[in-house]
Amino acid sequence: MAKIRVFISFDFDNDKVLKDFIIGQSRNEDSPFEVIDHSLKEAAPQRDWEQKARSAIKRSKVVLVMVGKNTHKASGVLKEVGFAREEEIKIVQIIGYKDGDYTPVPNAGVLYSWNWENLKKLLG
0 MAKIRVFISF DFDNDKVLKD FIIGQSRNED SPFEVIDHSL KEAAPQRDWE
50 QKARSAIKRS KVVLVMVGKN THKASGVLKE VGFAREEEIK IVQIIGYKDG
100 DYTPVPNAGV LYSWNWENLK KLLG
């Protein structure tokens, strides 16, 4: 069975570890998804950041937003969610940490707990 292609969106300045963890889970033998790309840093010197991000999102079936404390205010994440909406790509947002009170990213749908069953259900 083919794996679902997923674009990872995360707060680059605060939550890089979440990207690494979800990429690790994508490598599990029974993972229903593969990471084809991950969030690009907006402040990077690349003038074509938005074009590259949109292109990677268009190649995906799902944009997975990894939510940390400040993700709902991260400008790059907000842009990526906007690109996904414009391209009509499914968005799923997962709470990245066990403890804390997290604010959903605007216009990105329901906020889910991060566990293997949710990932398999939402990304399968």
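The opening residue of the sequence shown carries number 0 in numbering that gives the first Met the number 0; numbering runs sequentially from there.
Backbone N, C-alpha and C define an ideal beta-carbon position, used for all residues, glycine too.
- In this structure, DSSP gives V109 a state outside helix and strand, which the three-state scheme calls coil.
- Within the DSSP secondary-structure output, K89 pairs in a beta bridge with V61.
- Between W113 and I93, the gap from beta carbon to beta carbon is short of 8 Å.
- Distance between D98 and R58, taken at the CA atoms: about 33 Å.
- In the DSSP annotation of this structure, the continuous segment of the beta strand (DSSP E) that includes F6 starts and ends at 3-9.
- Here the C-alpha atom of K119 lies approximately 23 Å from the C-alpha atom of D10.
- Rounded to whole angstroms, N69 and T102 show a C-alpha spacing of 8 Å.
- DSSP places E28 in the coil class of the three-state scheme, outside both helix and strand.
- Here I94 is bridged, per DSSP, to V66.
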